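Numbering-wise (the numbering used here), the sequence shown opens with residue 1 and increments by one.
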Amino acid sequence: MAEDRFQAMHRHILAEIWTSDEAYRNLAYLCDDLGHRFAGSDNEHRAADFLQGKMEAYGLENVRREAFPMAGWERGDCTLTLTEPVTRDISAIAMPYCPAADLEADVIDVGEGEQVDFERAGAEIRGKIVLTDAETNRPGERKSHRSDKYGWAVANGAAACVFVNRNPGLLHITGSLPDRDPSSDRAADREAPIPGIGVTYEAGMAIRRLAERGTPRLRLHTTNRTFASVSHNVVGEITGVERPNEVVLLGGHYDGHDISQGAGDDGAGTITGLEAGRALAGLKGRTKRTIRVICFGSEEVGLRGAWHHVRSRRSNETLRFVMNLDGAGRGSGGQEQMNVSGIDEIQAYFQRIAGTLPYAFDVRSELNAHSDHFPFAVYGIPNGTLSSRDTSSRLVGRGWGHTEADTLDKITLRGLQMAAILAARLALTISEDETFPSRV
1 MAEDRFQAMH RHILAEIWTS DEAYRNLAYL CDDLGHRFAG SDNEHRAADF
51 LQGKMEAYGL ENVRREAFPM AGWERGDCTL TLTEPVTRDI SAIAMPYCPA
101 ADLEADVIDV GEGEQVDFER AGAEIRGKIV LTDAETNRPG ERKSHRSDKY
151 GWAVANGAAA CVFVNRNPGL LHITGSLPDR DPSSDRAADR EAPIPGIGVT
201 YEAGMAIRRL AERGTPRLRL HTTNRTFASV SHNVVGEITG VERPNEVVLL
251 GGHYDGHDIS QGAGDDGAGT ITGLEAGRAL AGLKGRTKRT IRVICFGSEE
301 VGLRGAWHHV RSRRSNETLR FVMNLDGAGR GSGGQEQMNV SGIDEIQAYF
351 QRIAGTLPYA FDVRSELNAH SDHFPFAVYG IPNGTLSSRD TSSRLVGRGW
401 GHTEADTLDK ITLRGLQMAA ILAARLALTI SEDETFPSRV
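Structural data, given as structure tokens:
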């Protein structure tokens with residue numbers, strides 16, 4: 001009888017999601033109607049209104065906003081001019097939290113920008129503009145993050161840092177820069193210590209070709225503004241009937257970068273969680289534990305929403321598992337993977353579940369510090385990231401992500417449906433299964 005009940009709940013999830021195009025219509029609103037949802041901006045606030053309204057309409061319980069202060073940022077002008085060995089304007093954009101700047105300096109090229117490349121350049125970096133590739137990892141590889149390279153440039157006394165997109169297509173690369181003073185809450189201290197600029201693959205290759213004639217020299221002028229703002233997590237729940245204080249949490253971040261729609265990073269992941277919540281809301285009064293759906297704010301500027309949620313959670317609740325959906329819902333479906341943060345017994349659990357759902361998905365184990373699972377990992381909470389390989393998986397680094405090309409046309413209804421079904425079924429299974437290797 002218990003098995004029949006469990007299977008009926010899974011069939012409800014499948015039927016509810018597979019027969020609806022709600023997920024794609026919701027993502028279309030975020031992308032086409034609102035556009036970018038940069039952290040702390042009016043568009044991000046409008047997106048929070050929309051997501052809260054949807055949770056309420058779907059019947060989730062305890063729907064609420066969690067407000068937290070953060071530093072907003074607005075880009076101004078950005079001009080980058082090559083002055084030696086020839087004069088040429090270079091198309092470039094300032095990266096979030098880039099300070100206003102007006103400077104000229106020689107360029108030092110550190111190639112891929114791994115730590116060994118910076119160590120090789122050493123003292124030659126001081127006072128120069130570092131030219132480095134942005135992320136260079138191929139699918140399945142782990143290489144240095146943009147913020148690591150920026151940190152090494154700062155530590156070695158660079159005047160500025162220029163990041164080259166490794167994917168052709170005249171696409172600028174972006175990504176937020178680390179704080180000038182991470183211990184401070186003042187907006188002025190959130191500014192980065194030196195300018196960080198993103199350029200296209202084609203521009204970067206041109207600079208490198210011209211460097212064969214002599215030392216390149218760049219003149220940089222940029223005007224930007226950092227200011228005090230606020231962001232929100234949007235939260236809704238299906239309250240557990242037996243152990244309501246034990247919580248299975250799932251969700252993605254709804255903020256994105258201001259140069260694109262942020263469809264894949266991470267509009268699709270946010271809508272995957274929302275759609276899972278819509279289906280699970282039909283199981284109110286039937287789940288053992290509470291399932292919490294969260295749309296994180298301000299992920300792209302320092303995981304601010306995730307840090308706020310983990311630090312402000314109620315003292316009488318336990319997070320049984322956190323399922324980060326950063327990257328979920330992309331592609332055509334059927335290529336999902338779960339990456340757990342170095343917990344062997346949970347990796348083994350998901351490998352077993354993949355065979356019993358039955359629905360095949362890859363399971364890996366690797367901890368990284370660059371998405372919303374990380375604050376929970378720091379607090380010792382079991383976590384994993386459910387993502388989907390997409391049509392950019394043949395590209396380097398983030399693919400379309402963090403460029404102008406992260407647009408709705410890269411997302412399919414089927415991809416959203418299949419990711420949402422898997423996320424909802426996994427959340428339900430973790431809620432019900434007493435054999436889950438919880439640390440409760």
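Even glycine gets a Cβ: it sits at the ideal position worked out from N, Cα and C.
Since we're looking at a predicted model, the values are computed, not measured.
Q | Unbroken stretches of the alpha helix (DSSP H), 4 residues or longer, contained in the segment 146–174 | A | DSSP runs (the alpha helix (DSSP H)) wholly in the segment 146–174: 146–155.
**Q.** Selection from 177, 209, 186 that minimises the alpha carbon distance to residue 197
**A.** Stepping through the sequence shown from its first residue, residue 197 is reached at position 197. Considering only 177, 209, 186, the residue with the shortest C-alpha distance to residue 197 is 177.
Q) Could you give the C-beta distance for residue 231 and residue 401, rounded to a whole number, given that I count them as a contact under 8 Å? A) Along the sequence shown, one-based indexing puts residue 231 at 231. Along the sequence shown, one-based indexing puts residue 401 at 401. That pair is no contact at about 20 Å.
Q. Helix, strand or coil for residue 111 per DSSP?
A. For the purposes of this step, residue 111 is taken as the residue at position 111 of the sequence shown. Note: residue 111 maps to coil in three-state DSSP.
Q. Rounded to a whole number of angstroms, what is the C-alpha to C-alpha distance between residue 168 and residue 252?
A. Sequence index remark: in the sequence shown, residue 168 carries index 168 (1-based). Sequence index remark: in the sequence shown, residue 252 carries index 252 (1-based). When the Cα atoms are used, residue 168 and residue 252 turn out to be separated by approximately 28 Å.
Q. What is the DSSP secondary structure of residue 104, reduced to helix, strand or coil?
A. Numbered from 1 along the sequence shown, position 104 holds the residue referred to as residue 104. Look at residue 104 here: in three-state DSSP terms it is strand.
Q: Could you tell me which residues DSSP pairs with residue 386 in its beta bridges?
A: As a position in the sequence shown, residue 386 is number 386, starting the count at 1. According to DSSP, residue 386 bridges with 338.
**Q.** Any 3 or more C-beta pairs closer than 8 Å across the segment 101–115 and the segment 347–354
**A.** No contact exists between the segment 101–115 and the segment 347–354.
Q.
Starting from residue 381, trace the beta strand (DSSP E) in both directions and tell me its first and last residue.
A. Stepping through the sequence shown from its first residue, residue 381 is reached at position 381. Per DSSP, residue 381 belongs to no beta strand (DSSP E) and is neither H nor E.
Q) Should residue 1 go down as buried or exposed, given a rule of 16 or more other Cβ atoms within 10 Å for buried? A) Here residue 1 is taken as the residue at index 1 of the sequence shown, counted from 1. At residue 1, the pLDDT of 42 sits below 50, so the modelled position is not reliable; the number obtained from the coordinates is stated separately. When all chains shown are included, residue 1 counts as exposed.
Q. Where does residue 218 sit, in a helix, a strand or coil, going by DSSP?
A. Your numbering for residue 218 matches position 218 in the sequence shown. In the structure shown, residue 218 sits in a strand (DSSP, three-state: E or B).
Q) Looking at the C-beta of residue 72, does it have a partner C-beta in chain D at a distance below 7 Å? A) Absent here is chain D; the protein component of the structure consists of one chain.
**Q.** Neighbourhood of residue 23 by C-beta, 8 Å cutoff - its chain only, sequence neighbours within 5 removed
**A.** For the purposes of this step, residue 23 is taken as the residue at position 23 of the sequence shown. The answer, listed in chain order, is 17, 271, 272, 274, 275, 329, 413, 416, 417, 420.
**Q.** residue 155 and residue 161 closer than 7 Å at C-beta
**A.** Here residue 155 refers to the residue found at position 155 when the sequence shown is read from its first residue. Here residue 161 refers to the residue found at position 161 when the sequence shown is read from its first residue. Annotated as distal: residue 155 and residue 161, with beta-carbon spacing of 7 Å or more.
Q. At which residue ranges does the segment 340–379 contain complete alpha helix (DSSP H) runs of 4 or more residues, listed in the order of the chain?
A. Taking only runs of at least 4 residues, the alpha helix (DSSP H) segments lying wholly in the segment 340–379 are 344–356, 374–378.
**Q.** Cβ-Cβ distance between residue 362 and residue 269 below 7 Å
**A.** Looking up residue 362 in the sequence shown gives position 362. Looking up residue 269 in the sequence shown gives position 269. Between residue 362 and residue 269, the C-beta spacing is not below 7 Å.
Q | Cutoff 6 Å; reference residue 431; Cβ partners in own chain excluding five residues on either side | A | Position 431 of the sequence shown holds residue 431. Within the same chain, Cβ atoms closer than 6 Å to the Cβ of residue 431 are found at 248, 287, 288, 289, 291, the five residues on either side in sequence being excluded.
**Q.** Counted within 10 angstroms of its Cβ, other Cβ atoms place residue 205 as buried (16 or more) or exposed
**A.** Translated into positions along the sequence shown, residue 205 becomes position 205. By the 10 Å Cβ count, residue 205 comes out exposed.
Q.
Could you tell me the alpha carbon to alpha carbon distance between residue 141 and residue 383, rounded to whole angstroms?
A. Position 141 of the sequence shown, counted from the first residue, corresponds to residue 141. Position 383 of the sequence shown, counted from the first residue, corresponds to residue 383. Looking at the two C-alpha atoms, the distance is approximately 21 Å.
**Q.** Three-way DSSP call (helix, strand, coil) for residue 423 in this model
**A.** Translated into the one-based positions of the sequence shown, residue 423 becomes position 423. Secondary structure at residue 423: helix, using DSSP grouped into helix, strand and coil.
**Q.** Local Cβ density within 10 Å of residue 261, reported as buried at 16 or more and exposed below that
**A.** Here residue 261 corresponds to residue number 261 of the sequence shown, with the count starting at 1. Residue 261 is buried by the Cβ-count criterion.
Q. Do residue 47 and residue 60 have their CB atoms nearer than 7 Å?
A. For this step, residue 47 is matched to residue 47 along the sequence shown. For this step, residue 60 is matched to residue 60 along the sequence shown. At least 7 Å separates the beta-carbon of residue 47 from that of residue 60.
Q. Do you know whose CA, among 94, 315, 164, lies nearest residue 397's CA?
A. As a first step, residue 397 must be located in the sequence shown, where it is residue number 397. Nearest option by C-alpha distance: 164.
Q: With DSSP as the reference, label residue 1 as helix, strand or coil.
A: For the purposes of this step, residue 1 is identified with residue 1 of the sequence shown, where counting begins at 1. Residue placement at residue 1 cannot be trusted, given a pLDDT of 42 that sits under 50; the coordinates are not used to answer.
Q | Local conformation of residue 235 per DSSP, three classes | A | Indexing the sequence shown from 1 puts residue 235 at position 235. In this structure, residue 235 counts as strand in the three-state DSSP scheme.
Q) In the structure shown, what three-state DSSP assignment does residue 6 receive? A) As a position in the sequence shown, residue 6 is number 6, starting the count at 1. Here residue 6 carries a helix assignment [DSSP, helix/strand/coil].
Q. Is the Cβ-Cβ distance between residue 192 and residue 98 less than 7 Å?
A. As a first step, residue 192 must be located in the sequence shown, where it is residue number 192. As a first step, residue 98 must be located in the sequence shown, where it is residue number 98. Contact: yes.
Q | 6 Å CB neighbourhood of residue 88 in its chain, flanking five on each side removed | A | Here residue 88 refers to the residue found at position 88 of the sequence shown. Closer than 6 Å at the Cβ level, and outside the excluded window around residue 88, lie 82.
Q: Return the CA-CA distance between residue 277 and residue 159, expressed in angstroms with no decimal places.
A: Within the sequence shown, residue 277 is the residue found at index 277, counting from 1. Within the sequence shown, residue 159 is the residue found at index 159, counting from 1. When the Cα atoms are used, residue 277 and residue 159 turn out to be separated by approximately 47 Å.
Q: May I have the straight-line CA-CA distance separating residue 390 from residue 332, to the nearest angstrom?
A: Counting from 1 along the sequence shown, the entry for residue 390 is found at position 390. Counting from 1 along the sequence shown, the entry for residue 332 is found at position 332. One C-alpha to the other measures close to 7 Å.
Q. Which of the three DSSP states, helix, strand or coil, is assigned to residue 98?
A. The residue you call residue 98 lines up with position 98 of the sequence shown. If DSSP states are grouped into helix, strand and coil, residue 98 belongs with coil.
Q | CB-CB length for residue 106 against residue 215, believed under 8 Å | A | Here residue 106 corresponds to residue number 106 of the sequence shown, with the count starting at 1. Here residue 215 corresponds to residue number 215 of the sequence shown, with the count starting at 1. Sure, about 5 Å apart at Cβ, within 8 Å.
Q | Identity of the residue in 131, 147, 386, 68 nearest residue 234 by Cα | A | As a first step, residue 234 is located in the sequence shown; it is residue number 234 there, counting from the start. With distances taken between Cα atoms, residue 234 lies closest to 68.
Q) How close, in whole Å, do the beta carbons of residue 365 and residue 342 come, if the pair is a contact with beta carbons under 8 Å? A) Sequence index remark: in the sequence shown, residue 365 carries index 365 (1-based). Sequence index remark: in the sequence shown, residue 342 carries index 342 (1-based). The pair is a contact, with the Cβ atoms about 6 Å apart (cut-off 8 Å).
**Q.** residue 38 in three-state terms, based on DSSP
**A.** To locate residue 38, count along the sequence shown from 1; it is residue 38. Under the three-state reduction of DSSP, residue 38 is assigned to coil, being neither helix nor strand.
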